[in-house]
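Engineer:
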Amino acid sequence: MKKLIFIFLIITFSFADIKGLNKLLSYVFPLITHKRVIKIYTLHPYYKYFNNYHFIFVKDCKKSDIVFGNIKCLNKPVFALSYDFYKTSPNVFGVFYYRKGRPQLKFKKKLLIKFFKNIPDAIKGYVQ
Amino acid sequence: MKRSFFYWIFLFTAIIISVSALFLFFSFEDTKNTIHNMIFKRMIKDISALSNNYKKELLYYLPKDVNWYDFLKKHPELQQHLQHDLSLLSTKDMKYVYLLGKENNRYVFLADGSISDRAEFGESFEPLNKKKFQILKPHYFFHKKLKSIFLTYINPVVVDNRIKAVIVTDVSIGFIRFIRFMLENLTKDIYIIIFFSVLFVFVLISFSYFDFKREKEKEKLLKKLEKANITLEEKVREKVKELRQKDALIMNQSKLVALGEMLNMIAHQWRQPLNALSASAIHLELKVQMANINKDDVIKFTKFVQTESQRLSKTIDDFMNFSKPDEKEEEFYLKDVIDSISDMIKVQLQNHNINMKINIYEYLKIKSYKKIIEHILLNLVSNARDALDDVDIPNKEIKIYTIQDDEFIKIVVYDNAGSIPKNLMDRIFNPYFTTKEEGKGTGLGLYMSKKLAEEKLKGELYFENKENGVEFILKLKIKNEE
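Chains as they are written, first to last, in numbering that gives the first Met the number 0: chain A, 0 to 127; chain B, 0 to 481.
This is the structure we're talking about:
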């Protein structure tokens, strides 16, 4: 069931851009972090205005639970927005990007376990 | 309701234009779809042919019994070669051309010939609808939700009834936009034509409507007018009837007047013979009393009585003749008519000291209604007599004479009782107009005479003031015997 909801969210997101991404992440991040409210650090002004009660945007990346965007911050887990950054950066545990116009979501198994010690069933199909 | 000619013209034109516009619209839509489909089918054929060629290349280079991902991973030069060949298929319209293989039940890029957004070898790919990638035959499907891609053509590489890889071609939306753009300009023109056609039809229908309304109004007015005409006709008929009744009444009155006049004349005519008879009877009685009567006296007396009686009888015959109405025209001597009148009125005129002069050619013959002419002339002479009665002049006279030319004859009755005053001239022939003292005139004589002269004799009756008198002229058209 959870898997189905997730797939629905991914599809929804792909057509509704920011609002969809907001919904997707507000579903995914609590699942993997096991937290209700997640501190997020991002440099993307666009995403700072996520209207979401699960997220708190922090100004210092050290205080964050997840770094959002193509940013490197110490050992903090990073959720990237490009495949290249996802591939090359060591702390990027997941990525969301578009390939050939289709939305793509990927997670690195190793890093999920390293940072969150957990791989939720809903995202298992996207874990590499 | 009868529609006007223009209404039908407008309606016919409007229908023709509407049908033409509809035909144009559907015909254009049909043509548009045909063009669209033809280009589309052509494009699918091209994509199919290219990907089939590439499929042949794959089957030529890659072994059928191994996983192609693993094989290409070990042979990067071949992967590069295949990717290069795939990139040759990529165009602006065929935006993404890529080869997907399978690794751990997941689609991975084996080669990507796309110009932009090129994936690396081995990158996993999550299609939106996996089922479409599992069909064994080449096929295509449309995207409604993707922004930049219009259509995806999938050509599976099947070996032993299993899909080894999938050649995917994503057709850019720009391609269809280009076709649409090309057709759009034409569409605009067509829509402008249709718009003006509709506008024109609307104008025509408006015209038809207003024309119809106008016609309706016209018909309404015509009906009103017809109704008014009928009412008017009825009114005129009623008035004519009234006038005829009035005329008949006047005629009756006139006849009564004439009868009175006649009785008066008879009385005058009879008075003298009756006096003579009475005197003769007295004379005879005296002779009998004096015993001085003989046979000759008696014979003389009886002869006298016979003569006078015949004379009285003749007078009655004359008046009877006079009062008989004319039924048809006859030819007669005018002198006879004047003499007849003279006989009737002579005694009266003598009693009133009026001298009557008649100056008429003895053999003047006319063809007309004799009695009516007698009636008119007697009336004129009577009027002259009455007028002369009212004046005190030494030589009272009435003249009757005729003036004749080739076409007309004028019978003139003149009296010297003075002319008609100017203020009475216009009313002299009006009915019930009289200047005579009460009981003497009815005012119908001249009115009836004029009416008879004009309607029956087709002539004229008028008067002219002369020095010391007035002339009444009865003008008749001379009718020659055929």
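From the three backbone atoms N, C-alpha and C, an ideal C-beta is built for every residue, glycine too.
Listed in chain order, which residues of the segment 96-108 of chain A have Cβ atoms closer than 9 angstroms to some Cβ of chain B?
Structural biologist: Listed in sequence order: TYR97, ARG98, LYS99, GLY100, ARG101, PRO102, GLN103, LEU104, LYS105.
Engineer: Can you give me the C-alpha to C-alpha distance between GLU214 of chain B and PHE4 of chain B, rounded to a whole angstrom?
Structural biologist: Taking the straight line from one Cα to the other gives about 10 angstroms.
Engineer: Ends of the beta strand (DSSP E) at VAL77 of chain A?
Structural biologist: Taken as a continuous stretch (DSSP letters only), the beta strand (DSSP E) holding VAL77 of chain A covers 77-79.
Engineer: Alpha carbon to alpha carbon, what distance is there between ALA452 of chain B and LYS478 of chain B?
Structural biologist: Each residue's Cα considered, the two are about 15 angstroms apart.
Engineer: Does the distance from the C-beta atom of ASP111 of chain B to that of ARG105 of chain B stay below 9 angstroms?
Structural biologist: Result no, Cβ atoms of ASP111 of chain B and ARG105 of chain B do not sit closer than 9 angstroms.
Engineer: Could you tell me whether the segment 76-84 of chain A touches the segment 94-106 of chain A, where touching means 3 or more Cβ pairs closer than 8 angstroms?
Structural biologist: Yes, they touch.
Engineer: For SER147 of chain B, decide whether its Cβ has a neighbour in chain A, counting only Cβ atoms nearer than 9 angstroms.
Structural biologist: Answer yes: the Cβ-Cβ gap between SER147 of chain B and chain A drops below 9 angstroms somewhere.
Engineer: Restricting to Cα atoms, I'd like to know which of B:LYS395, B:VAL107, B:ILE172, B:SER115 is closest to TYR125 of chain A.
Structural biologist: For the residues B:LYS395, B:VAL107, B:ILE172, B:SER115, the minimum Cα distance to TYR125 of chain A belongs to B:VAL107.
Engineer: Answer yes if the segment 392-400 of chain B comes into contact with the segment 346-358 of chain B, meaning at least three C-beta pairs across the two stretches below 8 angstroms, and no otherwise.
Structural biologist: The segment 346-358 of chain B vs the segment 392-400 of chain B: in contact.
Engineer: Look up LEU475 of chain B in the DSSP assignment and say whether it is helix, strand or coil.
Structural biologist: DSSP places LEU475 of chain B in strand when its eight states are reduced to three.
Engineer: Indicate the three-state DSSP secondary structure (helix, strand or coil) for SER208 of chain A in the structure shown.
Structural biologist: An answer regarding residue 208 of chain A cannot be provided, because it is not within the stretch 0 to 127 covered by chain A.
Engineer: From the DSSP secondary-structure annotation, give me the bridge partner or partners of ASP404 of chain B.
Structural biologist: ASP404 of chain B pairs with nothing; no bridge assigned.
Engineer: Name the DSSP beta bridge partners of ALA110 of chain B, please?
Structural biologist: According to DSSP, ALA110 of chain B bridges with B:LEU98.
Engineer: My guess is that PHE84 of chain A and HIS53 of chain A are in contact by the Cβ rule of under 8 angstroms, so how many angstroms apart are they, rounded?
Structural biologist: About 24 angstroms separates the two Cβ atoms, so there is no contact after all.
Engineer: Taking the CB atoms as reference points, tell me whether TYR332 of chain B and GLU373 of chain B lie closer together than 9 angstroms.
Structural biologist: Not in contact: TYR332 of chain B and GLU373 of chain B (Cβ atoms no closer than 9 angstroms).
Engineer: If contact is defined by three or more beta carbon pairs under 8 angstroms, each pair taking one atom from either stretch, is the segment 127-138 of chain B in contact with the segment 196-208 of chain B?
Structural biologist: Because the criterion of three Cβ pairs below 8 angstroms is not met, the segment 196-208 of chain B and the segment 127-138 of chain B do not touch.
Engineer: Taking the alpha carbon of LYS143 of chain B as the reference point, which residue from B:LYS465, B:VAL287, B:PHE120, B:ILE175 has its own alpha carbon closest?
Structural biologist: The shortest Cα separation from LYS143 of chain B among B:LYS465, B:VAL287, B:PHE120, B:ILE175 belongs to B:ILE175.
Engineer: Which residues bound the beta strand (DSSP E) around TYR332 of chain B?
Structural biologist: Looking at the DSSP string, the run of the beta strand (DSSP E) that includes TYR332 of chain B is 329-332.
Engineer: Hey, would you say LEU77 of chain B sits closer than 9 angstroms to VAL167 of chain B, going by beta carbons?
Structural biologist: The answer is no: Cβ separation not under 9 angstroms.
Engineer: Is the shortest distance between the beta-carbon of TYR26 of chain A and the beta-carbons of chain B less than 9 angstroms?
Structural biologist: No, because no Cβ of chain B sits closer than 9 angstroms to the Cβ of TYR26 of chain A.
Engineer: Please determine, among B:LYS369, B:ILE153, B:MET37, B:PHE177, the residue with the shortest C-alpha to C-alpha distance to ASN51 of chain B.
Structural biologist: Of B:LYS369, B:ILE153, B:MET37, B:PHE177, the residue nearest in Cα terms is B:ILE153.
Engineer: Name, going along the chain, the residues of the segment 27-47 of chain B whose beta-carbon falls closer than 9 angstroms to a beta-carbon of chain A.
Structural biologist: Cβ contacts with chain A: none found.
Engineer: Listing by chain order, which chain B residues have their CB less than 9 angstroms from the CB of TYR82 of chain A?
Structural biologist: Neighbours of TYR82 of chain A on chain B, chain order: ALA118, GLU119, GLU122.
Engineer: If I'm right that LEU283 of chain B touches PHE300 of chain B with Cβ under 8 angstroms, what's the distance once you round it to whole angstroms?
Structural biologist: Indeed they touch by this definition, with Cβ atoms about 5 angstroms apart.
Engineer: Give a yes or no on whether the minimum CB-CB distance between TYR139 of chain B and chain A is below 9 angstroms.
Structural biologist: It does not: the Cβ of TYR139 of chain B has no partner Cβ on chain A nearer than 9 angstroms.
Engineer: Suppose you measure from the CA of LYS71 of chain A to the CA of SER88 of chain A; what does that come to, to the nearest Å?
Structural biologist: Computed Cα separation, rounded: 8 angstroms.
Engineer: From what residue to what residue does the alpha helix (DSSP H) around GLN127 of chain A run?
Structural biologist: Here GLN127 of chain A belongs to no alpha helix (DSSP H), and DSSP marks it neither H nor E.
Engineer: Would you mind giving the Cβ-Cβ distance between GLN349 of chain B and MET264 of chain B, rounded to the nearest angstrom? I have them listed as a contact below 8 angstroms.
Structural biologist: Not quite, the Cβ-Cβ distance comes to about 12 angstroms (not below 8 angstroms), so this is no contact.
Engineer: Mind listing the chain A neighbours of GLU533 of chain B? Cutoff is C-beta to C-beta under 9 angstroms, in chain order.
Structural biologist: Coverage of chain B is limited to positions 0 through 481, which leaves residue 533 of chain B absent and any answer about it impossible.
Engineer: With DSSP as the reference, identify every bridge partner of PRO155 of chain B, one or two as the case may be.
Structural biologist: The partner list for PRO155 of chain B (beta bridge, DSSP) reads B:VAL165.
Engineer: Taking LEU10 of chain B as part of the alpha helix (DSSP H), name the residues at either end of that continuous run.
Structural biologist: Segment 4-60, the alpha helix (DSSP H) holding LEU10 of chain B.
Engineer: Within its chain, find whatever has a CB closer than 6 angstroms to the CB of ILE10 of chain A; leave out the 5 residues flanking it on each side and keep chain order.
Structural biologist: With a pLDDT of only 48 at ILE10 of chain A, under 50, the local geometry of the prediction cannot be trusted, and the value read off the model is given with reservation. Taken in chain order, the list of residues that qualify is empty.
Engineer: Return the CA-CA distance between ASP27 of chain B and ILE46 of chain B, expressed in angstroms with no decimal places.
Structural biologist: A small correction: the amino acid at residue 27 of chain B is Phe; Asp does not occupy that position in the sequence shown. Approximately 28 angstroms, taken between the alpha carbons.
Engineer: Tell me which residue opens and which closes the beta strand (DSSP E) that VAL57 of chain A is part of.
Structural biologist: Note, VAL57 of chain A: premise wrong, no beta strand (DSSP E); not H, not E.
Engineer: Out of curiosity, what's the CA-to-CA distance linking LYS474 of chain B and ILE402 of chain B?
Structural biologist: Taking the straight line from one Cα to the other gives about 9 angstroms.
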